[in-house]
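First comes the structure, then the notes that go with it.
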Amino acid sequence: DSGVTQTPKHLITATGQRVTLRCSPRSGDLSVYWYQQSLDQGLQFLIQYYNGEERAKGNILERFSAQQFPDLHSELNLSSLELGDSALYFCASSASQGRLGTIYFGEGSWLTVV
Amino acid sequence: GENVEQHPSTLSVQEGDSAVIKCTYSDSASNYFPWYKQELGKRPQLIIDIRSNVGEKKDQRIAVTLNKTAKHFSLHITETQPEDSAVYFCAASINYGQNFVFGPGTRLSVLP
Numbered sequence: 001d002s003g004v005t006q007t008p009k010h011l012i013t014a015t016g017q018r019v020t021l022r023c024s025p026r027s028g029d030l031s032v033y034w035y036q037q038s039l040d041q042g043l044q045f046l047i048q049y050y051n052g053e054e055r056a057k058g059n060i061l062e063r064f065s066a067q068q069f070p071d072l073h074s075e076l077n078l079s080s081l082e083l084g085d086s087a088l089y090f091c092a093s094s095a096s097q098g099r100l101g102t103i104y105f106g107e108g109s110w111l112t113v114v
Numbered sequence: 115g116e117n118v119e120q121h122p123s124t125l126s127v128q129e130g131d132s133a134v135i136k137c138t139y140s141d142s143a144s145n146y147f148p149w150y151k152q153e154l155g156k157r158p159q160l161i162i163d164i165r166s167n168v169g170e171k172k173d174q175r176i177a178v179t180l181n182k183t184a185k186h187f188s189l190h191i192t193e194t195q196p197e198d199s200a201v202y203f204c205a206a207s208i209n210y211g212q213n214f215v216f217g218p219g220t221r222l223s224v225l226p
């Protein structure tokens, strides 16, 4: 168990709909990362937050948005969903002190768009 | 921005043989290089990492080497076992955790 919690684990929704994925980082971690992994593909970096502020942005679509709340949990919002958005979405977190640099992944949220 | 390349994309070895996966990075400011192992349908898990002030690090059957001048680093797995079969990702980051960029992955198959 990495200590990073993601909900829901599985989600099936229709095209055009909107979903929210939730992530709770490890206790004490200030950084949260979101990655998208399509079937048999690599880890596509979407966005990173540090202590509530956006730190880095990757190939995140305009239909997607994210935020990190004061309690450090993060949400990834996916709207106007398309079939191609079906993927495994990972959240990861890293510490601001101690063993700097290591990021730990949650179990992921499987999104299926039908 | 940082770009990480990884080779080979697939690798098959006989059980007991060694496996080597190589990655190159583009940003000389990168200073932290972790390796992750991902089994099918599961989360990537950190298996070993190296910082830019170290040239080599070993943990039992796994070792990582770093060549800062050439901007490449490699994962070495000795005495491979079937349970080593997985996808391996290398990554590079700046400032020990900022802007993590992953390589495209290597699918390792260890044949019995």
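Protein sequences appear in the order of chains A and B.
Using our numbering, you'd call the opening residue of the first sequence number 1 and step up by one each time.
Using our numbering, you'd call the opening residue of the second sequence number 115 and step up by one each time.
Positions of the beta carbon are idealized from the N, C-alpha and C atoms, including for glycine.
Check: Alpha carbon to alpha carbon, how far is tyrosine 33/A from glutamine 159/B? Give it in angstroms, no decimals.; Outcome: 15 Å
Check: Going by the CB atoms, is the gap between glycine 84/A and glutamine 6/A shorter than 9 Å?; Outcome: no
Check: In the DSSP assignment, what are the bridge partners of asparagine 77/A?; Outcome: Thr20/A, Ser65/A
Check: Please list, in chain order, the residues of the segment 67-90 of chain A that have any C-beta partner in chain B closer than 9 Å.; Outcome: Leu88, Phe90
Check: Using a Cβ cut-off of 9 Å (strictly closer), state whether valine 127/B contacts chain A.; Outcome: no
Check: Can you name the start and end residues of the beta strand (DSSP E) that asparagine 167/B belongs to?; Outcome: Note, asparagine 167/B: premise wrong, no beta strand (DSSP E); not H, not E.
Check: Classify glutamate 104/B as helix, strand or coil using the three-state DSSP reduction.; Outcome: The displayed coordinates of chain B run from 115 to 226. Any statement about residue 104/B would go beyond what the structure contains.
Check: Do phenylalanine 214/B and phenylalanine 45/A come within 9 Å of each other at the CB atom, strictly closer than that value?; Outcome: yes
Check: Which partner residues does arginine 55/A have in the DSSP bridge list?; Outcome: The partner list for arginine 55/A (beta bridge, DSSP) is empty, contrary to what the question assumes.
Check: Can a CB atom of chain B be found closer than 9 Å to the CB of tyrosine 49/A?; Outcome: no
Check: Leaving out five residues before and five after glutamine 37/A in sequence, what residues of the same chain have Cβ atoms less than 8 Å from its Cβ?; Outcome: Leu43, Gln44, Ala87, Leu88, Tyr89, Phe90, Gly108
Check: Listing by chain order, which chain B residues have their CB less than 7 Å from the CB of glutamate 107/A?; Outcome: Arg157
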